[in-house]
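**Q** First the structure, then my questions, so here it is.
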Amino acid sequence: MFYNIKGYTYINFLGNGVYDQVGLYKKNNTNEYYAIKRINKNKAKHSKNYKYLYSELQILKKLNHENISKLIDIIDNEFQFDILIVMEYCHGFSLSKCLEYYKEKYAKPFTEEIVQYLTRQIVHGLIHIHEQNVIHRDLKLENIMVHFDNEMDKTNLNMMKGTIKIIDFGLSKLLSSSKEFAILLWEQFLILIQELSLLKIFNIVKKLIYGL
Ligand SMILES: Nc1ncnc2c1ncn2[C@@H]1O[C@H](COP(=O)(O)OP(=O)(O)O)[C@@H](O)[C@H]1O
Ligand SMILES: [Mg+2]
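The working numbering puts the first residue of the sequence shown at -9, with every later residue one more than the last.
Structure follows, in structure tokens:
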């Protein structure tokens, strides 16, 4: 169930996971749209890693790059059921949906030019994340959005006009992990290596090329 949030009006549903729901909201008295993620505190509290959630959010606030959906604000107080995360809204689709719709529409996978264009942006976003000593933890096509500036480019899936926006920094992964987050440092190191590895990028590119 979505509700209006002080200063914002609910427009429609964007997606959901185990701990969270994401809705499109319009900021009152402006023409600005935001994606607001609600994390249910009662559900999240059962996670071993709940205590790390707030510090994680502060870390994510530091990220500022064109290819990352910006975390604008965190709305929270003791009277709320949910932690509300206000994010830059991506007007488009996830890369997995783009692939699916593109194939339906044009009866072929992305061209090499498109794959190059998108991959470059993914890598730029990822470099910024790692430069801030953050690891994504859950990099996959579903967590990479393509933003289109106008409705026509979105409808026509004009991929060469799209901007990559990486979303979903593994907060649900953090909460759903049965292991204590703090002792996972060496695991984080392994994730970082994997995230940086050509193999990970190669897998994403392979999916983009063959539309798998
Ligand atoms: N900034 C955003 N702009 C537009 N849609 C979004 C945005 N963030 C999330 N979504 C939508 O909500 C879905 C779920 O969000 P996500 O952050 O991946 O959470 P989780 O996978 O943990 O539930 C995404 O797949 C996407 O469709
Ligand atoms: Mg996700």
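Every residue gets a Cβ at the ideal spot worked out from N, C-alpha and C, and that includes glycine.
#1: Near Leu80, what residues of its chain come up, given a Cβ to Cβ distance below 8 Å and the 5 sequence neighbours on each side ignored?
#2: Let me know the secondary structure DSSP gives Thr20 once reduced to three states.
#3: Whole angstroms is fine: what's the gap from Tyr15's alpha carbon to Met150's?
#4: Given 7 Å as the limit, tell me if Ala34 has its C-beta closer than that to any heavy atom belonging to ligand 1.
#5: Closest to Glu56 by C-alpha separation, out of Leu47, Gly82, Gln111, would be which residue?
#6: The alpha helix (DSSP H) with Thr(-1) in it runs from where to where?
#7: Look at the alpha carbon of Met12 and the alpha carbon of Leu4, and state the distance between them as a whole number of angstroms.
#8: Going by C-alpha to C-alpha distance, which of Asn140, Tyr44, Lys52 sits closest to Asp72?
#9: For Met77, count the other beta carbons within 10 Å of its own beta carbon; 16 or more makes it buried, fewer makes it exposed. Which is it?
#10: Using C-beta distances below 6 Å, list every residue in its chain close to Gly(-3), excluding the 5 sequence neighbours before and after it, in chain order.
#11: For Val136, list the residues DSSP reports as bridge partners.
#12: Could you tell me if the beta carbon of Glu132 falls within a distance shorter than 7 Å of some heavy atom in ligand 2?
#13: Would you grab the beta carbon distance between Leu147 and Lys95 for me? Rounded to a whole angstrom, and I think it's under 8 Å.
#14: Mind checking who Ala25 pairs with in its DSSP beta bridge?
#15: Tell me which residue opens and which closes the beta strand (DSSP E) that Asp63 is part of.
#16: So, does the stretch 115 to 126 touch the stretch 37 to 53, judging by three or more C-beta pairs under 8 Å?
#17: Per DSSP, what kind of secondary structure is Lys128 in: helix, strand or coil?
#18: For Asn193, which of helix, strand or coil comes out of DSSP?
#19: Considering only the alpha carbon of each residue, which of Asn39, Tyr(-7), Ile199 lies closest to Gln70?
**A** Checking against the coordinates, here is how it stands:
#1: Checking the sequence shown, residue 80 turns out to be Cys, not Leu. Within the same chain, Ala25, Ser59, Met135, Val136, His137, Lys155, Ile157 come within 8 Å of Cys80 by CB-CB distance, once the 5 residues on both sides are set aside.
#2: Thr20 falls in the coil class under three-state DSSP.
#3: About 27 Å.
#4: No, Cβ of Ala34 sits at least 7 Å from all heavy atoms of ligand 1.
#5: Comparing Cα positions, the closest option is Gln111.
#6: Counting along the chain, Thr(-1) sits inside no alpha helix (DSSP H); it lies in the beta strand (DSSP E) bounded by residues -2 to 6.
#7: Residue 12 is actually Val in this sequence, not Met. For the pair Val12 and Leu4, the Cα-to-Cα distance works out to about 5 Å.
#8: Of Asn140, Tyr44, Lys52, the residue nearest in Cα terms is Tyr44.
#9: It counts as buried.
#10: In its chain, beyond the 5 residues on either side, Asn18 have a beta carbon closer than 6 Å to the beta carbon of Gly(-3).
#11: Partner(s): Phe83, Ile154.
#12: Checking the Cβ of Glu132 against ligand 2 gives yes.
#13: A Cβ-Cβ separation of about 6 Å places Leu147 in contact with Lys95 under the 8 Å criterion.
#14: Leu14, Met77, per the DSSP bridge assignment.
#15: For Asp63, the enclosing beta strand (DSSP E) starts and ends at 61 to 65.
#16: Cβ pair count under 8 Å is three or more, so yes.
#17: The identity of residue 128 in the sequence shown is Asp, whereas the question assumes Lys. The DSSP-derived three-state label of Asp128 is coil.
#18: Per DSSP, reduced to three states, the secondary structure at Asn193 is helical.
#19: Here the closest residue by C-alpha is Tyr(-7).
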